[in-house]
C-alpha cells in the first residue's frame, strides 16, 4: 500500500512539473513575434513587390522612370550621378525567388487557417508564379524551377529547360483560370480586399488578368508555333474564341495597375524632386522618333519640345520637328552637353512633375491585349478583324493620355525655358483629327501580314511608354521593332544584350548546376549575347 502511495505521489509531481513547465513556456512566448502571419498580409507584401515598389522582386526596377525604361529606350539618364544607360546585366538578380518564397508561405497559411486546396490565395499564387517565372526565363533562359523554393531542403536546385518553364507557366495560368471560375461560382469572398493592391479582392478581375497575361505569354512564343507541347496557336484561339470560359479585359478599368498616392506611395517624379532631377532625364530618340515619324500627337503629352530648336517660334512650339530625343548609345558627356543646351526633349513637366500621384503603372493592360489579339489574327492563329483590335488599342492609348479622338484637338502644356515650377506651364492648342492620322500609310493597318505585325508592335511600344515592365524590350528582341539604338553608351561593346547573365553568386553556391545549364543551352559563356531557346 505504501508503495502505491509513493508511486501516486511521484506521478502527481510529474504532472505538476509538466503543468508548471507549460505555464512557464506560455509566459516566455513573445507576443511581438508571431509564429504565423495571415495570408492576407503576406499577399499585400507580395503585390507591393510585384508593383516594383517593394524590397525584392522588382527585376531591376519595374516602376516608372527606372532602369527598365532606360533599357526600353523610352528615356535616358544624361548625368552619371543619377545613373547611366548601360545595360548592366553581367550579374543578374534572382531576387524574384524571395517573392516566390513568400507566395509559398501565403498559400500554406491560407490552408492552415482552414481554406480548401482551391482558394483565392492559391489561385492568385499561381498567377504570381507564372508572372515571375515568365520574366525570369525571358531574361536568363533556363532557370531553377522544379527544384526551386525548397529552402534548406535543397539549396542547390538544378535548372529547368526554358521550353519546360514556358509549359509550366501556361499550365499554371490555365489552372488558375479554372480555379477562379470555381471560386466565383461559389461566391468566395475570402481574398483580403484591403491587401489586394490591384483588384481589392475582385476575383472576376483576377480571372481576366490571368487570361490577358496568357495572351502575352503566347505572343512571346510566336516563333514556337511548331512546338506540339506548347500548342501556341490553339491555346491562343481558345482564349479569344471562348470568352465565357476564358474572360479577358473589356476596358482599361480591368488593367493590372499600381496606383500612386500622395502620402504612402508617391509617384517617382513629383513636385518635391522637380528641381533636382527634372533635367537629368531626357527623352530617348527611339521613343520620340517612333511618334514623330507618324505625326502622333501623344508626343505632345509625354514630352516637351527641344527649346533650342523652337527658337523664336514660341507661340506654337507643338510641332513635330521640335521634338527630338537622344540616342541611348551616346556617351554621357555628349548627351549631358546637348541636354544642357536644350537640344533634346524632356519628359513633360506638367504630366510627370505636377502631382504626387502621377499616372498608374500598368503591368498588364487592355491596350496591350488589343494589340496582342490583332497580332494573333495577323499570324493566322485565330480568325477576326485585326484592324478593329489594332485601332482600339491606339484609341485606348490616346485616351490614357487624355486625347479624345472624337474631338478636334486638345491642349498641350509645356514649361518654357527659365521657368522653375510646374505651375508656370503654358497651354498650347493642338489640332487633331483621328481619321486623318489613321489614314497615313504608316499607321493604317497594312494588308500585308508581315508589315501589319510591324505596325502593331510599334503601336504597342508607343502604348507601353513607362509601363508593362520589360515587355517593350521583349518585343524588340522578338521582332526588331522599333529599331533600338546601340553605341558606347549602352555598354556590352555597343551591342544591345539579348539576355541577363546569371547571378555571380550561382558560380560559387550552385556551380555544378550553373555549368550544366550553360552546357545544355549550348552557351559558350555566361554572357549577354548568348541566344536562348526562345530566340532560336
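In this note's numbering, the protein residues as written are 14 to 549. Glycine included, every Cβ here is placed at the ideal spot set by N, Cα and C. A quick note: this is a predicted structure, and the numbers were derived from the prediction, not measured.
In angstroms with no decimal places, state the Cα-to-Cα distance between residue i and residue j.
| i | j | result |
| --- | --- | --- |
| residue 465 | residue 488 | 15 Å |
| residue 103 | residue 506 | 13 Å |
| residue 135 | residue 116 | 9 Å |
| residue 550 | residue 209 | Residue 550 cannot be examined here, being either before or after the span of the chain that is shown, 14 to 549. |
| residue 253 | residue 457 | 23 Å |
| residue 183 | residue 79 | 29 Å |
| residue 501 | residue 130 | 53 Å |
| residue 54 | residue 137 | 14 Å |
| residue 248 | residue 231 | 8 Å |
| residue 363 | residue 290 | 14 Å |
| residue 546 | residue 154 | 7 Å |
| residue 190 | residue 212 | 16 Å |
| residue 472 | residue 89 | 21 Å |
| residue 340 | residue 195 | 51 Å |
| residue 166 | residue 158 | 14 Å |
| residue 176 | residue 156 | 11 Å |
| residue 273 | residue 72 | 20 Å |
| residue 379 | residue 321 | 38 Å |
| residue 17 | residue 125 | At residue 17, the pLDDT of 42 sits below 50, so the modelled position is not reliable; the number obtained from the coordinates is stated separately. Taking the straight line joining both Cα atoms gives about 45 Å. |
| residue 442 | residue 429 | 15 Å |
| residue 444 | residue 485 | 29 Å |
| residue 398 | residue 533 | 42 Å |
| residue 181 | residue 149 | 13 Å |
| residue 345 | residue 77 | 21 Å |
| residue 64 | residue 51 | 21 Å |
| residue 522 | residue 528 | 12 Å |
| residue 106 | residue 326 | 48 Å |
| residue 62 | residue 95 | 23 Å |
| residue 525 | residue 519 | 9 Å |
| residue 245 | residue 187 | 13 Å |
| residue 9 | residue 268 | Residue 9 lies beyond the residue range present for the chain, which begins at 14 and ends at 549; the question has no answer from this structure. |
| residue 537 | residue 530 | 11 Å |
| residue 367 | residue 347 | 29 Å |
| residue 401 | residue 312 | 23 Å |
| residue 479 | residue 376 | 10 Å |
| residue 474 | residue 467 | 11 Å |
| residue 352 | residue 295 | 7 Å |
| residue 265 | residue 535 | 42 Å |
Assuming residue i contacts residue j (C-beta within less than 8 Å), just tell me the rounded distance between them.
| i | j | result |
| --- | --- | --- |
| residue 315 | residue 361 | 6 Å |
| residue 310 | residue 416 | 6 Å |
| residue 4 | residue 152 | The requested residue 4 does not occur in the structure, where the chain is confined to residues 14 to 549. |
| residue 170 | residue 185 | At roughly 18 Å, the Cβ-Cβ gap does not stay under 8 Å, so residue 170 and residue 185 are not in contact. |
| residue 497 | residue 86 | 5 Å |
| residue 476 | residue 406 | 6 Å |
| residue 12 | residue 193 | Within the shown structure, residues of the chain are numbered from 14 to 549, placing residue 12 beyond reach of any answer. |
| residue 374 | residue 275 | Between residue 275 and residue 374 the Cβ distance is about 16 Å, and since that is not below 8 Å, they are no contact. |
| residue 365 | residue 423 | At roughly 17 Å, the Cβ-Cβ gap does not stay under 8 Å, so residue 365 and residue 423 are not in contact. |
| residue 280 | residue 370 | 6 Å |
| residue 381 | residue 481 | 6 Å |
Along the chain, where does the alpha helix (DSSP H) that runs through residue i open and close?
| i | result |
| --- | --- |
| residue 63 | 52 to 63 |
| residue 463 | 462 to 476 |
| residue 497 | Unbroken run through residue 497: none, as it is neither H nor E. |
| residue 283 | Taken as a continuous stretch (DSSP letters only), residue 283 belongs to no alpha helix (DSSP H), as it is neither H nor E. |
| residue 525 | 524 to 533 |
| residue 512 | Per DSSP, residue 512 belongs to no alpha helix (DSSP H) and is neither H nor E. |
| residue 479 | No alpha helix (DSSP H) contains residue 479, which DSSP labels as neither H nor E. |
| residue 453 | Looking at the DSSP string, residue 453 is not in any alpha helix (DSSP H), and its letter there is neither H nor E. |
| residue 545 | Segment: none, residue 545 is in no alpha helix (DSSP H) and carries neither H nor E. |
| residue 249 | 245 to 254 |
| residue 230 | 216 to 233 |
| residue 350 | 345 to 353 |
Hey, could you find the ends of the beta strand (DSSP E) residue i is sitting in?
| i | result |
| --- | --- |
| residue 119 | That residue, residue 119, is in no beta strand (DSSP E); its alpha helix (DSSP H) goes 109 to 125. |
| residue 488 | Segment 484 to 492 is the alpha helix (DSSP H) holding residue 488; no beta strand (DSSP E) there. |
| residue 270 | 269 to 271 |
| residue 132 | It is not in any beta strand (DSSP E) - residue 132 carries neither H nor E in the DSSP assignment. |
| residue 90 | 88 to 90 |
Distance cutoff 8 Å, beta carbons only. Does residue i sit that close to anything in chain C?
| i | result |
| --- | --- |
| residue 435 | Absence of chain C from the displayed structure is noted, only one protein chain being present. |
Does the beta-carbon of residue i, which I'm using as the reference point, lie nearer than 7 Å to any heavy atom of the ligand MG?
| i | result |
| --- | --- |
| residue 189 | Here there are no bound small molecules, and the ligand MG is not part of this structure. |
Exercise for the section: Could you name each continuous alpha helix (DSSP H) segment of 4 residues or more that falls completely within the region 375 to 445, going from the start of the chain to the end? Expected result: 379 to 391 and 399 to 413
Practice task
Assess, as a yes-or-no matter, whether the region 533 to 546 is touched by the region 508 to 517 under the definition of 3 or more beta carbon pairs within less than 8 Å.
Solution key: yes
Exercise for the section: Can you check the region 143 to 199 for any alpha helix (DSSP H) of at least 4 residues that lies completely inside it and give the ranges in chain order? Expected result: Complete alpha helix (DSSP H) runs here, min 4: 175 to 198.
Practice task
Run through the region 286 to 343 for me and flag every whole alpha helix (DSSP H) of 4 or more residues, listed as ranges in chain order.
Solution key: 287 to 290, 298 to 305, 312 to 315 and 320 to 323
Exercise for the section: Determine contact between the region 387 to 403 and the region 272 to 288, defined as no fewer than three beta-carbon pairs at a distance below 8 Å. Expected result: no
Practice task
Would you be able to state if there are at least three C-beta pairs under 8 Å between the region 436 to 454 and the region 393 to 401?
Solution key: no
Exercise for the section: Take every Cβ of the region 323 to 343, pair it with every Cβ of the region 299 to 307, and state whether three or more of those distances are shorter than 8 Å. Expected result: Touching, yes, given that three or more Cβ pairs across the two stretches are closer than 8 Å.
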